[in-house]
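Oh and the sequence shown: position 69 is 71 in my numbering, straight run, nothing missing.
C-beta: ideal position from N, C-alpha, C; glycine also.
Predicted model, so just to flag it, every value in this text is computed and none were measured.
The structure under discussion appears below in the form of structure tokens.
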Amino acid sequence: MDAPNLTYVTVTYASSSRGRAVGNSPAAKPRLRGWLHLGMAPIMQVACLTLLVATDSLHARIGVAIYLLGATLLFGTSAVYHRGHWTTRSEAVLRRMDHANIFVFIAATYTPLALTMLDAPNATLLLAIVWGVAAAGITFKLTWMTAPRWLYTALYVAMGWAAVAWLPAFWMTGGPAVVLLLLAGGLIYTFGAVVYARKAPNPSPTWFGFHEIFHACTVVAAVCHFIAITLATLA
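The structure is reproduced here in structure tokens:
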């Protein structure tokens, strides 16, 4: 009579162990996670280098070079972080870099626009604001990685719209196309940020989830802003 009882206990233990293993296994990333940024990184490098050569203004070249650096950090780090398989420690470092680079890229996007379309006092003021916020945001992300998703996403959005007060000046100098492209990119970024913060919609967790929608929005918005930067620097 003992043998059947022992067998039953053993089978039950093994089954419950398998259940715990399955329950504790981390959710798999969607298969397309990181591919959009992996493709965007070299495209942005080629586009920015081409623009860097095409412009003949020192201020424009400085601005484009800073934008190139910001784009490379954002899309390159994101691709490495999301496509790789890392140890827990390496993943934590890359995650901090990935989130911090968003602040860098927002400030880097405004830099060529300010240097080419604003007078010296306004350019200095705008750049002091966005780079000051970027420095504070980077410190915030590096020291409080467990901050609520909605909080740091709201900071990204607020920083992204910080230059609204300078849109009339951009319109006067760069024309309506530049401003409309900036607004379109800003709205697309904002939509992506809302999706990221809400984790919804999440159409296909296996292939293309909410995070991929967010990445798609960053790609499309970055294209809008790059075209605006191109128009501004070549004007």
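Could you tell me which residues DSSP pairs with residue i in its beta bridges?
i: Phe210; result: Ser206
Nearest by alpha-carbon distance to residue i: which of the options is it?
i: Leu169; options: Leu40, Leu96 and Asn124; result: Asn124
i: Phe105; options: Arg151, Val132 and Leu96; result: Val132
i: Ala237; options: His101, Gln47, Leu34 and Ala62; result: Ala62
i: Leu54; options: Lys143, Ala138 and Val66; result: Val66
i: Met161; options: Ala30, Leu144, Ala130 and Pro178; result: Ala130
i: Thr79; options: Thr57, Asp100 and Ser59; result: Asp100
i: Ile47; options: Leu71, Trp88 and Ala56; result: What sits at residue 47 in the sequence shown is Gln, not Ile. The shortest Cα separation from Gln47 among Leu71, Trp88 and Ala56 belongs to Leu71.
Please confirm whether residue i and residue j have their CB atoms less than 9 Å apart.
i: Ile229; j: Leu183; result: yes
i: Leu120; j: Phe172; result: yes
i: Cys226; j: Gly187; result: yes
i: Thr175; j: Thr118; result: yes
i: Ile140; j: Ala102; result: yes
i: Ala165; j: Leu96; result: no
i: Leu153; j: Val135; result: no
i: Ala264; j: Ala224; result: Given that the chain is displayed from residue 3 to residue 237, the structure contains no residue 264 and the question cannot be resolved.
i: Lys143; j: Arg98; result: yes
Suppose the cutoff is 6 Å on Cβ atoms and the five residues either side in sequence are ignored; what does the same chain contact list for residue i look like?
i: Gly36; result: Ala81, His84 and Arg85
i: Thr192; result: Val159
i: Trp42; result: Reading the sequence as shown, one finds Met at residue 42 and not Trp. So the list reads Phe77 and Val221, once near-sequence residues are dropped.
Which of the three DSSP states is assigned to residue i in this structure?
i: Gly72; result: helix
i: Leu236; result: helix
i: Ser92; result: helix
i: Trp37; result: helix
i: Ala186; result: helix
i: Gly194; result: helix
i: Lys284; result: Outside the displayed span of the chain (3 to 237) sits residue 284, for which this structure offers no information.
i: Ser80; result: helix
i: Thr155; result: helix
i: His87; result: coil
i: Trp163; result: coil
Can you list, in chain order, the residues of its chain with a C-beta nearer than 8 Å to that of residue i? Leave out the 5 residues immediately preceding and following it.
i: Pro203; result: Val197, Phe212 and Ile215
i: Ser206; result: Pro32
i: Arg200; result: Phe212
Leaving out the 5 sequence neighbours to the left and right, which residues in its chain are closer than 7 Å to residue i when beta-carbon positions are compared?
i: Val180; result: Phe172, Ala230, Leu233 and Ala234
i: Phe210; result: Pro32 and Leu34
i: Ile64; result: Leu117
i: Val24; result: Bear in mind that the predicted position of Val24 carries a pLDDT of just 40, short of 50, making it unreliable; the figure below should be weighed with that in mind. There are no such residues.
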